[in-house]
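Chains as they are written, first to last, in our numbering: chain A, 1 to 327; chain B, 328 to 633; chain C, 634 to 882; chain D, 883 to 1259.
A virtual CB, placed ideally from N, CA and C, is assigned to each residue, including glycine.
A quick write-up on the structure given underneath.
Structure representation (structure tokens):
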């Protein structure tokens, strides 16, 4: 068995090594794949805060991913067309600057998470899963029929947005940006897990009534976790949109919410690096299997099934020989 | 808008709701008895429709097609229960969600592997096709009336089965207490397989019945699955009565919302904008209904209180 | 009556037709252990939940240190100074023993919103948690996962978590449950020393422990207090005998 | 992620040895999940033409986009960055095309659309490296409007899903239709039950119905419409009456008129040969999509005969000249690189036990599109 710290170190090193190797070998697409994996991993790290620590099985995290994406899409669209976004009482200029877009994405998705969390946290268990799914579907259908921003066609942004001092169109530079953001999210998860807040949240997942009887409010803990989680996933959404230079309602789809959960479970629920391993493996499978057969979903399904049935605790669970938190 | 049109739309909503009930009943039974979230229920719906289309294509008989749908879905359900589901009863909801999500992938692409990428043909039998005149001058398709009848029949049978028969008593006992029912000498794992197969057969039946007026294609199960979940959550998970009322609520909301919301917006908007806004809102209507119900009653209309 | 720390007045609660508790009035005075006994189904668990805030009362009031806490939530009552233990251990089983104690210390500090610094590195929290563990004799296993503790150790940890709160009054739900003779004796000795710190409302089935510890006893039957008095008074009470003999026969 | 692209692609030239491939074509299309039938037809039609050309200096890299825009974008990145393709093609859906095409053509790659024709790429967003070999999205709907005028419909009930292509469809129909509208309804995307809409049609007093409901939606609508007893004539674009779909609709589609720029009975030698060889190769009748894939490949081949793809300007001019034998007969590009072509009205008929289409007549002659004027190249 291997210690989790070593695995974490290896994973991060591997994550960094692959694109650098690809750069040396002049394989820019491998860098793009690594970027995709790191952005998906970051979205799942966000979900892992709510799910892995707080036990909140949200099947609606695509809402925040999509809001982050549309924050990018709408701001860049207005900058692209040189028309301010007119809200009636306030006109907002578009922006092509990533920092501005990121702040917007984080703010918007945090606010949405606050609202959805307030309403959804009244329920528990399957009802929570389903009410978050319902919110996801509302956003999905709304975005499809909202023609001002492309509806189902989505919004194309022809040139990737800028970051001061970087040329974001160069794959390795954009990878660096996304990888840094992923590391920041991981750092947040790590510190938060050890902090008083994380400890209380973790206890609230296991024994909410104990948390109450020591004078803490488990609802508020969970709500804050949901907001932080939504904000991180929202930021990942903005990066994902910039990676593709495109946003569309599929970012709101329930399948995407499901995929984020899949990523976490493959790696290991509640583990710091669970989502990272999951995303790396998922992106690799998608490409390897996708090339072998048109029917690769069958094999993906079979692999997922094996993981659930025989590898409780995900890959990190297998490698460390320790079960993860139970959600 | 005339009264006839309104009545016709209400009938449409009822028919849609009754079909949803066939899906939701199995789902809620499986959750209530075994505590399992089965995302793959939509795949069993698809299996039923494909089996019906294949058999109808080969034999030309709609009745045989329905029997095939029931049998194929029940078989698929039994196999899935024994191979996979059985290991998930004590697992966390999260594991159940993932495992049955994986089953969807396997079923969908597996079906495409076998039947190809194009939709299959399944039609209404001649003796049920065409409209009939109802009192009041309403012309309504006979087949849809038959669907309402079939759905209500199944609902009554289910009620009878769960409240009046030995197996129903076992099922209800199993909901409350695994140990007690095991102590009664009932083979719990056989009971579970049976309940799962029964739920699967209902889903397969729904798939075949609906397949005759819709498109029999890969992926047809997922939209219905989501709506069925909405139904059982609104009704309260585990409650057959809740599933029935939830089905009708969702069916009526979806149908009437789609018709009347655009009309409503026409009162204060121009026609084009009203139809678009109205339809956008209509597509969200059932989800709004569900969140309102859950916010008001966090365990659904007839769910058990925590 | 200034020495009354915790008191209930006419607490009632029904579940449908079943009246689980009826007009219960109990006082817990400074420095005493007040035991509540009664046959199964007498309403003891309901009463505890009503006092600690888990169940809303149909009528009646709860006062803690002179303050009416009837309308407060569980967590507000905890902050007001109510330290409660559970009959079936409610501990975070995946976490270490120390972390469970830290959770109590954190609740007592009232500052759970710090994000960045690790909880285990906070000197005040740690000191408070370790002190509580030492008092119940769990300091040696502080870094073990709670799930690996024996049943007896879990009971001790329950009490330790309540201790970290430095409550004004304890409400303990069968702390001896499932303990062997030796374990009960250790726990009895420990609770005996605790009463000077804060009074204990003790719900307990173990009659030896009750008679050894209690300053006063209230007997609950069918949701009503049929007698309250000292150990000696209760031992000779006719009503109590009837109620218990009725149960025994 | 160390997986090399080698295993990922289906390549023709790989069989013949990659060294000889001078031109690399990347095809991103939908081969799995819902809607895979369309992508498979485009691919098969395209590859048939490549095979018939007998050229071994063309390599086609085929990838499955799963109908997901983000996957399509990622595959496009791969084709441009790693495979270094010269020409791209294959996308079926407008939303995927919008995600891929603008950035691909701005990176100097040629893109030839075998199916989607979003208006944004036909007007202001047109590009010199973007060619549409199928139609602008509005075309078939416009033709349906023109046909409705021709047969004297005066009061149409029109419906389409509530998404951009659906709105374009109704706009396209209304652009040419001169009669009144008895009703205009947007349905939900992916909707499977149309009882409510059919009841509205029945109550509306319309004399005809126009609908655009691609894929399974159209199958459901037609079956339910046929069963409803409403017997108003129906017109629609070819998408719901295509060879792949018709067998699933069955008798419910018989006699319905639909508009298309192609049909298997268009009388020219190229088309006859195409229909025959496609059936021989794949054992099924070719669809509209297959014909579009076939035409796209032949256009590329014809241009390659005249100029190498390295000489972008010459190659572009050769594409623009469109000197190839189209299965549709006459074919030319307008100023915005979209087809100028004749669109026919077809009728669904039964031949033996196979449902197929027969041409009734011309709906629009040498039709261009409404956006060409906005295009500045």
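| Item | Value |
| --- | --- |
| Can you give me the Cβ contacts of residue 386 of chain B inside the same chain, cut-off strictly under 8 Å, excluding the 5 residues immediately before and after it? | 392 |
| Helix, strand or coil for residue 563 of chain B? Go by DSSP, reduced to three states. | coil |
| Do residue 736 of chain C and residue 200 of chain A have their C-beta atoms closer together than 8 Å? | yes |
| Would residue 919 of chain D pass as an interface residue toward chain B - the criterion being a Cβ-Cβ separation below 8 Å? | yes |
| Quick check on residue 870 of chain C - is its C-beta less than 8 Å from some C-beta in chain A? | no |
| Taking DSSP as the reference, what is the three-state secondary structure of residue 1229 of chain D? | strand |
| Which residue's Cα is closest to the Cα of residue 164 of chain A: A:157, A:209, A:173, A:93? | A:173 |
| Measuring CB atoms only, is the stretch 409-423 of chain B touching the stretch 370-383 of chain B, in the sense that at least three cross pairs come out at less than 8 Å? | no |
| According to the Cβ coordinates, are residue 1141 of chain D and residue 1042 of chain D closer than 8 Å? | no |
| Based on Cα-Cα distance, which residue from D:959, D:932, D:1004, D:911 lies nearest to residue 971 of chain D? | D:911 |
| Is the beta carbon of residue 1178 of chain D closer than 8 Å to that of residue 1000 of chain D? | no |
| What three-state label does DSSP hand residue 1116 of chain D in the structure shown? | strand |
| Below 7 Å CB to CB, which residues in the same chain sit around residue 892 of chain D once its five sequence neighbours on both sides are set aside? | Residue confidence for residue 892 of chain D is low, a pLDDT of 41 falling below 50, so the modelled location carries little weight and cannot support an answer. |
| Less than 7 Å separating the Cβ of residue 306 of chain A from some heavy atom of the ligand FMN? | Because no ligand of any kind appears in the structure shown, any question about the ligand FMN cannot be addressed here. |
| Pairing CB atoms from the stretch 750-768 of chain C with CB atoms from the stretch 836-845 of chain C, are three or more of them under 8 Å? | no |
| Per DSSP, what are the beta-bridge partners of residue 941 of chain D in this structure? | D:906 |
| Taking C-alpha atoms, which residue in A:13, A:14, A:23, A:50 lies nearest to residue 264 of chain A? | A:50 |
| Can you give the Cα-Cα distance for residue 1074 of chain D and residue 542 of chain B, rounded to whole angstroms? | 8 Å |
| For the 8 Å Cβ check, are there 3 or more pairs between the stretch 351-371 of chain B and the stretch 559-573 of chain B? | yes |
| Strictly by DSSP, which residues pair up with residue 1068 of chain D? | D:1042 |
| Using a Cβ cut-off of 8 Å, pull out every chain A residue sitting near residue 745 of chain C, in sequence order please. | 196, 197, 200, 216, 221 |
| If you scan the stretch 698-756 of chain C from start to end, which runs of the beta strand (DSSP E) of 3 or more residues do you find wholly inside it? | 715-718 |
| Note down, in chain order, every chain A residue with its Cβ under 9 Å from the Cβ of residue 368 of chain B. | Those do not exist, as residue 368 of chain B stays about 14 Å from chain A at its closest Cβ, beyond 9 Å. |
| Judging by CA-CA distance, which residue of C:722, C:732, C:831 is the nearest neighbour of residue 636 of chain C? | C:831 |
| Are the C-beta atoms of residue 803 of chain C and some chain A residue less than 8 Å apart? | no |
| Should residue 469 of chain B and residue 538 of chain B be called a contact, given that it needs their Cβ atoms to be closer than 8 Å? | no |
| For my contact list, residue 307 of chain A and residue 314 of chain A are in at a C-beta cut-off of 8 Å; report their separation, rounded to the angstrom. | 7 Å |
| Exposed or buried, which one is residue 287 of chain A when buried takes at least 16 other CB atoms within 10 Å? | buried |
| When Cβ atoms are compared, which residues of the stretch 976-1002 of chain D fall closer than 7 Å to chain A? | 976, 977, 980, 981, 984, 985, 988, 1000 |
| Residue range of the beta strand (DSSP E) that residue 1012 of chain D falls in? | 1012-1014 |
| Which residues in the same chain as residue 1002 of chain D place their Cβ atom closer than 8 Å to its Cβ, once the five residues preceding and following it in sequence are excluded? | 980 |
| Can you tell me which of the three DSSP states residue 466 of chain B falls into? | strand |
| Answer with buried or exposed for residue 7 of chain A, where buried requires no fewer than 16 other C-beta atoms within 10 angstroms of its C-beta. | buried |
| List, in chain order, every chain D residue whose beta-carbon is nearer than 8 Å to that of residue 470 of chain B. | 1109 |
| Compute the beta-carbon to beta-carbon distance between residue 1018 of chain D and residue 1164 of chain D, rounded to the nearest angstrom, for a pair I have assumed lies under 8 Å. | Not confirmed; about 28 Å, so no contact. |
| Cutting at 8 Å between CB atoms, please list the residues of its own chain near residue 318 of chain A, excluding the five before and the five after it. | 311 |
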